[in-house]
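K.L.:
Residues 64 to 382 in our numbering are what the sequence shown spells out, letter by letter.
I'd like to ask you about the structure that follows.
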Amino acid sequence: MKRFVLPFFAILIAVAIWYPGAFRQLPDRKRSSGIKVVASIFPLADIVRQVAGDRAEVVLLLPAGASPHTFEPTPGQVSELGKASLFVQVGAGLELWADKLINAVGNSGLKRVTAAQGIALITGEEEHSGSDEHEEETEHGHDHGKFGNPHIWLDPAIVLGIVTKIEEALIEADPAGEDYYRNRAERYRREVELLDKEIERKTAKFVIREFVSFHSSWPYFARRYNLKQAGVIEETPGREPTPREIKEIISVVRSSGIKAVFAEPQFSASAARAIAENAGAKVLFLDPLGGDGIPGCDSYINLMRHNLKIMNDAMGPGK
Ligand SMILES: [Zn+2]
């Protein structure tokens with residue numbers, strides 16, 4: 064018995080020391096540049112962390128379980144931004160709350176990195192080409208209609224360019240770390256390329272190629288891997304679908320042989336359950352955001368693998 068007690072405590076202490084370093088970085092004196100980077104959503108925070116390593120402190124604004132579409136920043140987050148060198152955001156209208164926040168902070172040294180800048184965004188009509196419902200979108204002030212769809216990080220090929228943007232911004236903020244950032248960015252891009260190949264291989268075998276998602280999170284993913292987002296439950300995330308919209312989605316699910324309706328952990332699944340029950344499908348959860356401490360979704364790459372597995376369960380060839 065005694066022989067196990069010591070290693071057990073040693074591991075416990077090691078974990079306790081190491082674990083907070085995953086996000087609330089206690090920077091290594093030699094390597095840390097002292098710069099602080101604030102990211103809006105978890106996937107971006109993780110990508111920054113992969114490139115910045117232990118040279119920068121990375122702070123995530125959006126708490127796990129929150130949606131950037133409905134988020135309200137707190138006063139504590141204003142103070143985080145006051146001390147930051149970089150604010151990394153998606154853009155494309157996803158973080159409309161960020162402008163106000165940044166104005167309130169008045170940190171003139173803060174540089175903004177907008178992942179969507181320079182990317183041709185998918186617009187309302189292209190999001191799910193299977194339906195003709197989109198003339199109505201502008202009527203109820205749909206965000207994606209005005210800005211283009213913001214969910215670019217769910218296409219790993221687009222993420223390769225985002226990694227480069229983050230790499231350049233880190234070098235500008237901390238020139239002494241150039242070699243360090245370049246090496247890490249290069250290595251991480253190779254990992255993302257492998258992820259892309261893996262998703263390509265697995266999705267190529269999907270027997271069902273259309274899906275219904277909770278909100279329009281997956282059009283970039285669908286385009287990359289030749290799938291079709293045939294419908295969404297909530298056109299505007301946080302606004303419950305009307306009975307007419309529910310009826311239409313049920314008919315999409317029935318006519319395309321869809322076996323599962325995808326809900327999302329950041330929103331209520333009740334509409335998805337009602338639709339699935341009516342259409343004879345089941346409800347599975349796709350997570351576009353993930354977060355530290357969410358099993359299997361605690362890095363961008365793990366999150367994408369998790370979603371691939373869920374999709375494979377619903378659309379793949381089976382075992
Ligand atoms: Zn979204």
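Idealized CB from N, CA, C, for every residue including glycine.
1. At which residues does the beta strand (DSSP E) containing Gly224 begin and terminate?
2. Which whole-angstrom value is the C-beta distance of Val151 and Ala167, which I expect to be below 8 angstroms?
3. Put Ile357 into one of helix, strand or coil per three-state DSSP.
4. Counting along the chain, where does the beta strand (DSSP E) carrying Ala102 start and finish?
5. For the candidate residues Ala161, Ser148 and Leu159, whose alpha-carbon lies nearest to that of Lys174?
6. Could you check the C-alpha separation between Ala127 and Gly354 for me, to the nearest Å?
7. Find the nearest neighbour of Glu273 within the set Ala323, His214 and Trp160, judged by alpha-carbon distance.
8. What does the alpha-carbon distance come out to for the pair Arg245 and Asn375?
9. Considering only heavy atoms of ligand 1, does any lie closer than 7 angstroms to the CB of Ser280?
10. Evaluate Gly116 with the Cβ neighbour count: other Cβ atoms within 10 Å of its Cβ, from every protein chain shown; 16 or more gives buried, anything less gives exposed.
11. For Val122, write down the residues that DSSP places opposite it in a beta bridge.
12. Output the distance between the C-alpha atoms of Gly224 and Leu352, rounded to the nearest integer angstrom.
13. State the DSSP-derived secondary structure class of Thr133, mapped to helix, strand or coil.
14. For a quick check, are the C-beta atoms of Leu349 and Ser279 less than 8 angstroms apart?
15. Examine ligand 1 and report whether any of its heavy atoms sits within less than 7 angstroms of the Cβ of Pro304.
16. Taking contact to mean 3 or more Cβ pairs, one atom from each stretch, closer than 8 angstroms, check whether the stretch 259-267 and the stretch 119-135 are in contact.
17. Using C-beta distances below 6 angstroms, list every residue in its chain close to Pro136, excluding the 5 sequence neighbours before and after it, in chain order.
18. For Val121 versus Arg112, is the C-beta distance shorter than 8 angstroms?
19. What residue does the beta strand (DSSP E) around Lys174 start on, and which one ends it?
P.N.:
Taking the structure as given:
1. To locate residue 224, count along the sequence shown from 1; it is residue 161. Note, Gly224: premise wrong, no beta strand (DSSP E); alpha helix (DSSP H) at Pro219 to Ala236.
2. In the sequence shown, counting from the first residue as 1, residue 151 sits at position 88. In the sequence shown, counting from the first residue as 1, residue 167 sits at position 104. Going by Cβ atoms, the distance from Val151 to Ala167 rounds to 18 angstroms, so no, they are not a contact pair.
3. By 1-based counting over the sequence shown, the position of residue 357 is 294. It is coil, neither helix nor strand.
4. Along the sequence shown, one-based indexing puts residue 102 at 39. First-last of the beta strand (DSSP E) with Ala102: Ile98 to Ala102.
5. As a first step, residue 174 is located in the sequence shown; it is residue number 111 there, counting from the start. When only C-alpha atoms are compared, the closest one is Ser148.
6. As a working mapping, residue 127 is identified with position 64 in the sequence shown. As a working mapping, residue 354 is identified with position 291 in the sequence shown. Straight-line Cα distance between these residues: approximately 6 angstroms.
7. As a position in the sequence shown, residue 273 is number 210, starting the count at 1. Closest by alpha carbon: Ala323.
8. Along the sequence shown, one-based indexing puts residue 245 at 182. Along the sequence shown, one-based indexing puts residue 375 at 312. So the alpha carbons of these two residues sit roughly 35 angstroms apart.
9. Counting from one through the sequence shown, the residue named residue 280 turns up at place 217. Yes - ligand 1 has a heavy atom lying nearer than 7 angstroms to the Cβ of Ser280.
10. Counting from 1 along the sequence shown, the entry for residue 116 is found at position 53. Buried: at least 16 other Cβ atoms inside 10 Å.
11. Looking up residue 122 in the sequence shown gives position 59. In DSSP, Val122 forms a bridge with Val101.
12. Along the sequence shown, read from residue 1 onward, the residue named residue 224 stands at position 161. Along the sequence shown, read from residue 1 onward, the residue named residue 352 stands at position 289. Their Cα atoms are separated by approximately 19 angstroms.
13. Position 70 of the sequence shown holds residue 133. Three-state result, Thr133: coil.
14. The residue labelled residue 349 in the question sits at position 286 within the sequence shown. The residue labelled residue 279 in the question sits at position 216 within the sequence shown. Their beta carbons are not under 8 angstroms apart, which means Leu349 does not touch Ser279 by this criterion.
15. As a first step, residue 304 is located in the sequence shown; it is residue number 241 there, counting from the start. Result no, Cβ not under 7 angstroms from ligand 1.
16. no
17. Position 73 of the sequence shown holds residue 136. Same-chain partners within the cutoff: Trp160 and Leu164.
18. The count along the sequence shown starts at 1 and reaches residue 121 at position 58. The count along the sequence shown starts at 1 and reaches residue 112 at position 49. Yes, the Cβ-Cβ distance between Val121 and Arg112 is below 8 angstroms.
19. For this step, residue 174 is matched to residue 111 along the sequence shown. Unbroken beta strand (DSSP E) run through Lys174: Lys174 to Thr177.
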